[in-house]
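Participant: Quick one: this structure, given as structure tokens, is what I'll be asking you about.
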Amino acid sequence: MIYRFAKCLFWLYFNIFNRLKIIGADNIIQSGSLIVYANHFSDADVFLLPLCFKRQIKFMAKKSLFETPVVKYFVKAYGAFPVNRDSSDIAAIKTALKILRNEELLGIFPEGRRVRDIKDSNPKGGFAMLAHKTSTPLQPVRIKYKRKLMIFNSIEIIIGKVINPNDIKIDDTSSDGYAKASRKLMATVYGLG
């Protein structure tokens, strides 16, 4: 209930105070598990991405968001769960696996932090590992802002074609191999528009 209400509020906000344009919505698959992954330019990204999907996206979110009770309540209601970005977080991986087993949408910002310039992109290997181990399709999404200001900005969300997990060639299942696959998958995002 809170999720749908919040989604409506964000839809109104981004359409009143920004020029929001969604491109490629017909590329979205409507059933089954899916890993939705995107670049991470702004804190607003986590509120923008769900506007493109009918089904709820459950996001990995930095652990610090869950430290303040009020923020924790709303972040959890919006479908987020905590992840420690600085270490291998087994609890977060188990939660992600459960989401995918339940044929839901898992949202990930593989860069793990806000990245303003493509040159600074250094995605974590965990999302490539999740897709590879679970054979889950990936939905690449690029969020583009015309300016750094959040108000009266023009925002484009470009949804790419779903990537079949069998098309991800991962011969090296070490952390380096998954990091290499993640960089390749993020290049797909930055190649959108």
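Position one of the sequence shown corresponds to residue 0 (numbering that gives the first Met the number 0), numbered consecutively onward.
For each residue, glycine too, the CB sits at the ideal point set by N, CA and C.
All of these numbers come straight from a predicted model, not from anything done at the bench.
Thinking C-beta only, is Y177 closer than 8 Å to A95?
Facilitator: Contact flag unset, no.
Participant: If you measure between the beta carbons of L50 and F9, is that distance less than 8 Å?
Facilitator: Yes; because the gap between Cβ atoms is below 8 Å, this pair is in contact.
Participant: Within its chain, find whatever has a CB closer than 6 Å to the CB of F65; leave out the 5 residues flanking it on each side and keep chain order.
Facilitator: So the list reads K71, P81, once near-sequence residues are dropped.
Participant: Would you give the residue range spanned by the beta strand (DSSP E) that L19 belongs to?
Facilitator: From DSSP, the beta strand (DSSP E) with L19 extends over 17 to 22.
Participant: Starting from the C-beta of P122, find all residues in its chain whose C-beta is less than 8 Å away, skip the five residues before and the five after it, and write them out in chain order.
Facilitator: Once the five neighbours on either side are set aside, the close Cβ partners of P122 are P109, E110, G111, A178, S181, R182, L184, M185.
Participant: I need the straight-line Cα distance from F73 to I142, nearest angstrom please.
Facilitator: Their backbone Cα atoms lie some 23 Å apart in a straight line.
Participant: What are the complete alpha helix (DSSP H) segments, minimum 4 residues, inside the segment 59 to 133?
Facilitator: List check, alpha helix (DSSP H) in window: 68 to 76, 89 to 100, 125 to 133.
Participant: Could you check whether A37 and M59 sit closer than 8 Å to each other, using their CB atoms as the reference points?
Facilitator: Not closer than 8 Å, so no.
Participant: Between L33 and L137, what straight-line distance do the alpha-carbon atoms span, to the nearest angstrom?
Facilitator: Using only the alpha carbons, I get a separation of about 6 Å.
Participant: Would T67 be called buried (16 or more neighbouring beta carbons within 10 Å of its own) or exposed?
Facilitator: Classification for T67: exposed.
Participant: Mapping DSSP to helix, strand and coil, what is K143?
Facilitator: Reduced to three states, the DSSP call for K143 is strand.
Participant: Rounded to whole angstroms, how far is the Cβ of K160 from the Cβ of N152, which I believe are closer than 8 Å?
Facilitator: That belief does not hold up - the Cβ atoms of K160 and N152 are roughly 27 Å apart, past 8 Å.
Participant: Taking 8 Å as the cut-off, decide whether the C-beta atoms of V35 and G106 are in contact.
Facilitator: Yes, these two residues count as a Cβ contact at 8 Å.
Participant: Which residues bound the alpha helix (DSSP H) around S181?
Facilitator: Segment 174 to 189, the alpha helix (DSSP H) holding S181.
Participant: Assign A37 to one of three DSSP states: helix, strand, or coil.
Facilitator: Of the three classes helix, strand and coil, the one that applies to A37 here is strand, per DSSP.
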